[in-house]
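Undergrad:
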Amino acid sequence: MTIFNLPDLGEGLPDAEIHEWFVKVGDEVTVDQPLVSMETAKAVVDVPCPEAGIIEKLYGKPGDIIQTGAPLVAFVEQKEQAAEDQGTVVGKLEENAHAADDDFIIGSASPNATRVKTTPAARLKAKRLNIDLKTISGTGENNLITLDDIQQAAAKQSIPPEGFEPLRGVRRAMLSSMVQSHQTVVPVSIFDEADVSAWMGKDDITVRIIRAICNAAKHEPALNAWFDTEHSARKCFNEVHLGLAMDNADGLFVPVIHDAQTQSDQALREQINAFKISVQDRTVPAEQLKGSTITLSNFGKFSGRFASPIIVPPSVAILAVGRLYEGVKSCDGTISSCHLLPLSLSFDHRAVTGGEATRFLGAVIESLK
Amino acid sequence: MSNITLLEAVTQALAYELNHDENIVVFGEDVGKNGGVFRATAGLQKRFGERRVFDSPLAESMIAGLAIGMSAQGLKPVAEFQFMGFIYPAMNQIISHAARLRNRTRGRLHCPLVFRAPFGGGIHAPEHHSESTEALFAHIPGLQVVIPSSPKRAYGLLLAAMRNPDPVIFLEPKRIYRLVKQPVPDDGKALPLGTCFTLKTGEDVTLISWGASMHETMQAAAALEEEGISCEVIDVASIKPLDMNTILTSVEKTGRAVIIHEAAKSGGVGAEISAQIMENSLDALLAPVQRVTGYDVTMPYFELEKYYLPSVLRIKQSVLSIMA
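Line order of the protein sequences matches chains A and B.
Anchor point for the first sequence: position 226 equals 225 in numbering that gives the first Met the number 0, and the numbering is continuous, going up by one each time.
Anchor point for the second sequence: position 271 equals 270 in numbering that gives the first Met the number 0, and the numbering is continuous, going up by one each time.
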């Protein structure tokens, strides 16, 4: 017999009165089942059953007062556990009535499947070099794929298919700068023409165009600028470092005329001529290929009027000049012939507004009149 | 056929072999009249008599020495050490004589004996009652170490141990003595020694354990399965000799291995398994071999035990750490 004593039903209540029993002797009860309602000085409270079992005795009838801590209910002793002899065991063994069958495979579950044999280091290298281990066969012990095998596979992978020739040198540089431009710049191109009839045949065309760019840059410095993608920041320049796109058999070179705005026409021409030779000879000093703030591409000596020139970061604008041609213009109802210079201006719309670009191009045209 | 516990499976195997091999003798402290401290030998003395099943003095070195002498002269003793923590006074007999009598006599004498001992923690026992020092025995050439983890394997492996011509240390995980009941046919069929048992097949990771920790390992495998990680679970069962073929085949399939054992980490059997995986299957690994083990401290008592024993959570965390 185990006895359940009346717990304190409030805060320090000395006793309680039995209001109503919910169970009787012989009942089988479960944990938390209400046993009895007790009336205290404050309220009527149901007392939950503390353990599962069978009621052996109730200590009182409705109306009786039970002291806190005095017996309330007795349960029949659970005899099952005592019946099974567990010996003079030290400690307590956990039991589980649940029975389960025991399925197991003696030894290995599966035959040895074919697998890629290599070392962790080789695996890592293959991952870095983007080599599929399943595509190569190992030369090591037991066909183990070695680090050398990975290296050779990587070398093989870098050879282009038959009939293709890999890009090298300047051409390769063009590839990466064009890809970089395409990935970052948001280009817009605008097109117009300048009537150069007034001075055609008298002045040096390229020098006049450089002068026009310097003049336009003074009016709209936003196009003579660099843009820092990482920090979303721009830097406008007072001085014009003009990149001059020049072509030779190896590819594209862009030597830079530094401080173009301060130089005389003659000095500009001499520098252009010097670049022609040094580009042809591949002797342009490295520092003359750096620091361009705006680019001029004078492609018109071959063919083509307009283009959508590509901006090379960090600069934000490039002006391309097409083939000079004799055209007609209509002025005040009169048609006349004239010499027209086609102009294509690309600008990076991340850093330059359409207004700035059109005003810049307008200023170039004005200067070329 | 009723469902029985691991403990009852031990009794069933002892009874079967006592009944079928007249050379079997069973003895140890409280083994006879009392039926053993956990009742592993309950009723055997009454059934087979005091000459076959009897009590020894409280002297472990003597128990081992007696068994060695009996086995060298044709009997097949099954001696019980009451707890693995009490086995150390017998170490000299076990290591210096039982393990090497065959070698010393160039095969003229050998020791077909079984030393049984309940081992492992988790039952809130006092000091010396929770040892998991299987690695001490696995290190000794000439000894075989076997640890069952279910009633069926306890029955089949104990029969195999009793029929083995050389000494077997048979360690019984007492925490799961009564935890699970299974139908175990009393057919006298032994399971092979020196073989792992694959309890569950899977693709992503191989969980390797033995003894009571199998229980948490299987629970972790089930929980991981719900997270989409397919676990192959291997019960090593034979700690010495190790069935590395089964382990390597599985690890080469999954590329990942987590070894779970209750014993302290340093110098544990997990280290041996890990080393052999490195030696043979390094090239198949997708991640370093992991070990989830007890700590390098004296086995703590009572409430602290649960922090010492590898838990389902620790096993899961270890697996997840190598799944990336």
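The beta-carbon is built from N, C-alpha and C at its ideal position, and this holds for glycine as well.
Over the uninterrupted alpha helix (DSSP H) stretch that includes residue 244 of chain B, give me the two end residues.
TA: To locate residue 244 of chain B, count along the second sequence from 1; it is residue 245. It spans 243 to 253 - the alpha helix (DSSP H) in which residue 244 of chain B sits, taken as one unbroken run.
Undergrad: Kindly indicate if chain B contains any beta-carbon less than 9 angstroms away from that of residue 80 of chain A.
TA: Here residue 80 of chain A corresponds to residue number 81 of the first sequence, with the count starting at 1. Reliability of the predicted coordinates at residue 80 of chain A is poor, the pLDDT of 48 falling under 50, and the value obtained from them is presented with this limitation in mind. With 9 angstroms as the cut-off, residue 80 of chain A does not count as an interface residue toward chain B.
Undergrad: State the start and end residues of the unbroken beta strand (DSSP E) segment that holds residue 234 of chain A.
TA: As a first step, residue 234 of chain A must be located in the first sequence, where it is residue number 235. It spans 232 to 235 - the beta strand (DSSP E) in which residue 234 of chain A sits, taken as one unbroken run.
Undergrad: Between the C-alpha atoms of residue 210 of chain A and residue 153 of chain A, what's the straight-line distance to the nearest angstrom?
TA: Here residue 210 of chain A corresponds to residue number 211 of the first sequence, with the count starting at 1. Here residue 153 of chain A corresponds to residue number 154 of the first sequence, with the count starting at 1. When rounded, the distance between both Cα atoms is 52 angstroms.
Undergrad: So, is the C-beta of residue 37 of chain B closer than 9 angstroms to a C-beta in chain A?
TA: Taking the second sequence and counting its residues from 1, one reaches residue 37 of chain B at position 38. So yes, residue 37 of chain B belongs to the interface.
Undergrad: Check for me: the alpha helix (DSSP H) holding residue 364 of chain A runs from which residue to which?
TA: Against the first sequence, residue 364 of chain A aligns to sequence position 365. Residues 353 to 366.
Undergrad: Quick check for students: name the residue ranges of the beta strand (DSSP E) that lie wholly in the stretch 32 to 70 of chain A, counting only runs of 3 or more.
TA: 33 to 38, 43 to 47, 52 to 57 and 64 to 66
Undergrad: The beta strand (DSSP E) with residue 330 of chain A in it runs from where to where?
TA: Here residue 330 of chain A is taken as the residue at index 331 of the first sequence, counted from 1. Residues 324 to 330.
Undergrad: Between residue 206 of chain B and residue 254 of chain B, is the Cβ-Cβ spacing less than 9 angstroms?
TA: Translated into positions along the second sequence, residue 206 of chain B becomes position 207. Translated into positions along the second sequence, residue 254 of chain B becomes position 255. Not closer than 9 angstroms, so no.
Undergrad: Going by alpha carbons, who is nearest to residue 342 of chain A out of A:324, A:332 and A:333?
TA: Stepping through the first sequence from its first residue, residue 342 of chain A is reached at position 343. Taking only the C-alpha atoms, the option nearest residue 342 of chain A is A:324.
Undergrad: Taking buried to mean at least 16 other C-beta atoms within 10 Å of its own C-beta, is residue 147 of chain B buried or exposed?
TA: Residue mapping note: residue 147 of chain B aligns to position 148 of the second sequence, counting from 1. Per the 10 Å Cβ criterion, buried.
Undergrad: Would residue 195 of chain B pass as an interface residue toward chain A - the criterion being a Cβ-Cβ separation below 9 angstroms?
TA: Here residue 195 of chain B refers to the residue found at position 196 of the second sequence. At least one chain A Cβ lies under 9 angstroms of residue 195 of chain B.
Undergrad: Which residues in the same chain have their Cβ closer than 7 angstroms to the Cβ of residue 82 of chain A, if we skip the five residues on either side of it in sequence?
TA: Numbered from its first residue, the first sequence carries residue 82 of chain A at position 83. Annotation note: pLDDT 47 at residue 82 of chain A (below 50); position unreliable, no value reported.
Undergrad: Using only alpha-carbon positions, find the residue among A:28, A:127, A:260 and A:159 that is nearest to residue 292 of chain A.
TA: Taking the first sequence and counting its residues from 1, the one referred to as residue 292 of chain A is at position 293. Residue A:260 is the option with its Cα nearest to residue 292 of chain A.
Undergrad: Using a 10 Å radius around the Cβ and a threshold of 16 neighbouring Cβ atoms, would you call residue 19 of chain B buried or exposed?
TA: Here residue 19 of chain B refers to the residue found at position 20 when the second sequence is read from its first residue. Looking at its Cβ environment, which holds fewer than 16 other Cβ atoms inside 10 Å, residue 19 of chain B is exposed.
Undergrad: To the nearest whole angstrom, what separates the beta carbons of residue 59 of chain B and residue 115 of chain B, a pair I think is in contact under 8 angstroms?
TA: Here residue 59 of chain B refers to the residue found at position 60 of the second sequence. Here residue 115 of chain B refers to the residue found at position 116 of the second sequence. With 8 angstroms as the limit, residue 59 of chain B and residue 115 of chain B do not qualify as a contact, their Cβ atoms being about 13 angstroms apart.
Undergrad: Would you tell me roughly how many angstroms separate the C-alpha atoms of residue 94 of chain A and residue 299 of chain B, rounded to the nearest one?
TA: Residue mapping note: residue 94 of chain A aligns to position 95 of the first sequence, counting from 1. Residue mapping note: residue 299 of chain B aligns to position 300 of the second sequence, counting from 1. Going by the C-alpha atoms only, they are around 22 angstroms apart.
Undergrad: Tell me, which residues are paired with residue 75 of chain B by DSSP?
TA: For the purposes of this step, residue 75 of chain B is taken as the residue at position 76 of the second sequence. Answer by DSSP bridge pairing, in chain order: B:23.
Undergrad: Given a threshold of 16 other Cβ atoms within 10 Å of its Cβ, counted over all protein chains shown, does residue 92 of chain B qualify as buried or as exposed?
TA: Within the second sequence, the letter at position 93 stands for residue 92 of chain B. Residue 92 of chain B comes out buried.
Undergrad: Buried or exposed for residue 118 of chain B, going by 16 or more other Cβ atoms inside 10 Å?
TA: Position 119 of the second sequence, counting from 1, holds the residue named residue 118 of chain B. By the neighbour-count rule (16 or more Cβ atoms within 10 Å), residue 118 of chain B is buried.
Undergrad: In chain B, which residues lie less than 9 angstroms from residue 108 of chain A when you measure between Cβ atoms?
TA: The residue given as residue 108 of chain A occupies position 109 in the first sequence. Within 9 angstroms Cβ-Cβ: 197, 199, 200, 201, 231, 233, 245, 248, 249 and 252.
Undergrad: Taking C-beta pairs closer than 7 angstroms, name the residues in chain B that residue 99 of chain A reaches, listed in chain order.
TA: To locate residue 99 of chain A, count along the first sequence from 1; it is residue 100. Per Cβ cutoff of 7 angstroms: 179 and 181.
Undergrad: State the start and end residues of the unbroken alpha helix (DSSP H) segment that holds residue 312 of chain B.
TA: Looking up residue 312 of chain B in the second sequence gives position 313. Run containing residue 312 of chain B: 311 to 320, per the alpha helix (DSSP H) assignment.
Undergrad: Residues bridged to residue 293 of chain A by DSSP?
TA: If you number the first sequence from 1, residue 293 of chain A lands on position 294. According to DSSP, residue 293 of chain A bridges with A:241.
Undergrad: When the cut-off is 9 angstroms and only beta carbons count, does residue 295 of chain B lie next to chain A?
TA: As a position in the second sequence, residue 295 of chain B is number 296, starting the count at 1. Judged by the 9 angstroms Cβ criterion, residue 295 of chain B is not in contact with chain A.
Undergrad: Apart from the five residues just before and just after residue 199 of chain B, which ones in its own chain have a Cβ nearer than 8 angstroms to its Cβ?
TA: Position 200 of the second sequence, counted from the start, is the residue given in the question as residue 199 of chain B. Within the same chain, 217, 220, 230, 231 and 232 come within 8 angstroms of residue 199 of chain B by CB-CB distance, once the 5 residues on both sides are set aside.
Undergrad: For residue 122 of chain B, I'd like the list of residues in its chain whose CB is within less than 7 angstroms of its CB, leaving aside the five on either flank, ordered along the chain.
TA: On the second sequence, position 123 is the one that residue 122 of chain B refers to. Closer than 7 angstroms at the Cβ level, and outside the excluded window around residue 122 of chain B, lie 173 and 174.
Undergrad: At the level of alpha carbons, what is the spacing between residue 273 of chain A and residue 287 of chain A?
TA: As a working mapping, residue 273 of chain A is identified with position 274 in the first sequence. As a working mapping, residue 287 of chain A is identified with position 288 in the first sequence. When rounded, the distance between both Cα atoms is 12 angstroms.
Undergrad: Counting only Cβ-Cβ distances shorter than 7 angstroms, please list the residues of the stretch 123 to 137 of chain B near chain A, keeping chain order.
TA: 123, 124, 125 and 128
Undergrad: Apply the 10 Å Cβ neighbour rule to residue 27 of chain B and answer buried if 16 or more other Cβ atoms are within range, or exposed otherwise.
TA: On the second sequence, position 28 is the one that residue 27 of chain B refers to. Buried, because 16 or more other Cβ atoms sit within 10 Å of the Cβ of residue 27 of chain B.
Undergrad: Verify the CB distance criterion: does residue 155 of chain A have a CB-CB separation below 9 angstroms to chain B?
TA: Stepping through the first sequence from its first residue, residue 155 of chain A is reached at position 156. No, because no Cβ of chain B sits closer than 9 angstroms to the Cβ of residue 155 of chain A.
Undergrad: So that I know if they touch, is there some Cβ in chain B lying closer than 9 angstroms to that of residue 93 of chain A?
TA: As a working mapping, residue 93 of chain A is identified with position 94 in the first sequence. True, the Cβ-Cβ gap to chain B drops below 9 angstroms.
Undergrad: Under a Cβ-count criterion, where at least 16 other Cβ atoms within 10 Å of its own Cβ denotes burial, should residue 41 of chain B be classed as buried or exposed?
TA: Position 42 of the second sequence, counting from 1, holds the residue named residue 41 of chain B. When all chains shown are included, residue 41 of chain B counts as buried.
Undergrad: Please list, in chain order, all residues of the same chain as residue 63 of chain A whose beta carbon is under 6 angstroms from its beta carbon, the five residues on each side excluded.
TA: Mapped onto the first sequence, residue 63 of chain A falls at position 64. Answer for residue 63 of chain A: 17, listed in chain order.
Undergrad: Closer than 9 angstroms, CB to CB, is residue 13 of chain A near chain B or not?
TA: Translated into positions along the first sequence, residue 13 of chain A becomes position 14. Residue contact check for residue 13 of chain A against chain B: no CB pair falls below 9 angstroms.
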